[in-house]
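Visitor: This is the structure, below, for whatever I ask next.
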Amino acid sequence: MKTALLQITSSDDPVENLNTVRRMMAEAASEGAQFILTPEVTNCVSTSTTRQREVLQHEEDDQTLAGLRDQSAALGIWLLIGSLAIKTHDADGRFANRSFMIDPQGQIVARYDKIHMFDVQVTESETFRESKNYRSGDKAVIADTDFGKVGMTVCYDVRFPHLYSALAQAGARILTVPSAFSPVTGAAHWESLLRSRAIENGCWVLAPAQTGEHPKTRGRTRYTYGHSMVVAPWGEVVIDAGTDPGIHFFDLDDSSVTEARSRVPSLTHVRPFDGP
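Here is the structure:
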């Protein structure tokens with residue numbers, strides 16, 4: 020199945036970002052793509068909580084979600100919205116970082132809230148505290164599609180192998196890792212982590228990413244690593260998109276999963292053990 024990753028540089032304006040993604044989806048579909056994937060926080064990249072509260076919406080009101088569902092239906096394609104920053108009804112006012120699988124009729128097949136929050140000090144000058152503004156999800160999710168079971172994850176989740184093992188053992192043959200990765204950690208770990216998750220589980224790993232210098236919000240600039248990546252179940256890097264925004268195509272072949280798992284059937288060798 021012809022599949023397309025969209026690598027984008029989202030701003031803090033959801034309307035602008037929606038128009039960009041809709042245009043790229045139309046182009047990808049015109050080239051034959053039947054499954055299209057967007058990065059993490061497709062709707063808004065912002066360093067300002069104040070700005071986020073101004074422009075973000077609850078799921079039922081979110082214009083990006085509605086617009087992308089309509090576009091999926093118009094094009095007749097499957098769409099992974101890597102994630103949207105969404106307002107919740109939680110008393111503490113924190114957002115959700117939520118991924119959506121959309122079918123060719125524009126219906127939501129599955130939704131997944133990012134479980135692991137990126138609370139790290141990357142360098143002396145670069146600190147992230149995602150849990151300050153986002154609440155964690157608490158449920159692993161597999162989307163049933165007509166091309167296979169898809170295990171849905173987001174960005175920092177990739178550092179937690181047990182999540183991917185659980186998804187693969189529950190039937191996932193494709194793992195999605197939409198991201199807005201830090202340039203520092205991206206250069207050090209991005210490819211290694213994605214290849215590891217593919218090899219360990221004999222799965223396709225599809226990782227559409229934000230890239231580049233995002234427009235300033237309240238005087239601060241956010242940078243992301245780019246390098247949207249596709250890794251085959253045997254661990255080969257099929258796509259490394261570099262750092263420019265764009266559309267990247269590949270053929271998603273389920274037989275590659277069967278072949279990799281037959282060569283090294285490690286999922287069937289998992290054994291319980293006592294703790295240290």
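So that you can map any letter, position 212 of the sequence shown is 231 in this note's numbering, and since no number is skipped, the others follow by simple counting.
The beta carbon of each residue, even a glycine, is placed where N, CA and C say it ideally should be.
Under the assumption that Thr57 contacts Ile100 (Cβ atoms under 8 Å), give the Cβ distance between them as a whole number of angstroms.
Guide: Confirmed, about 6 Å.
Visitor: Have a look at the DSSP bridge pairing and note the partners of Arg154.
Guide: For Arg154, which the question treats as bridged, DSSP gives no partner whatsoever.
Visitor: Is Asn116 helix, strand or coil when you go by DSSP?
Guide: Here Asn116 sits in strand by DSSP.
Visitor: Could you tell me which of Gly221, Val249, Arg154 sits nearest to Ser198, measuring between CA atoms?
Guide: For Ser198, the nearest C-alpha among the options comes from Val249.
Visitor: What are the partner residues of Ser65, as DSSP defines its beta bridges?
Guide: Ser65 is not bridged to any residue.
Visitor: Could you compute how far the alpha carbon of Gly167 sits from the alpha carbon of Trp209?
Guide: Straight-line Cα distance between these residues: approximately 25 Å.
Visitor: Within the same chain, show all residues whose beta-carbon is closer than 6 Å to that of Phe137, passing over the 5 residues directly before and after it, in chain order.
Guide: Answer for Phe137: Phe147, Glu149, Tyr175, listed in chain order.
Visitor: Lys158: buried (16+ other C-beta within 10 angstroms of its C-beta) or exposed?
Guide: It is exposed - the Cβ of Lys158 has fewer than 16 other Cβ atoms within 10 Å.
Visitor: Unbroken beta strand (DSSP E) runs of length 3 or more, entirely within the region 146-234: which are they?
Guide: Here the runs fully enclosed are 146-148, 160-164, 167-171, 193-195, 223-226.
Visitor: Cα separation between Pro123 and Gln90?
Guide: Roughly 9 Å separates the two Cα atoms.
Visitor: Hey, could you find the ends of the alpha helix (DSSP H) Asp263 is sitting in?
Guide: Taken as a continuous stretch (DSSP letters only), Asp263 belongs to no alpha helix (DSSP H), as it is neither H nor E.
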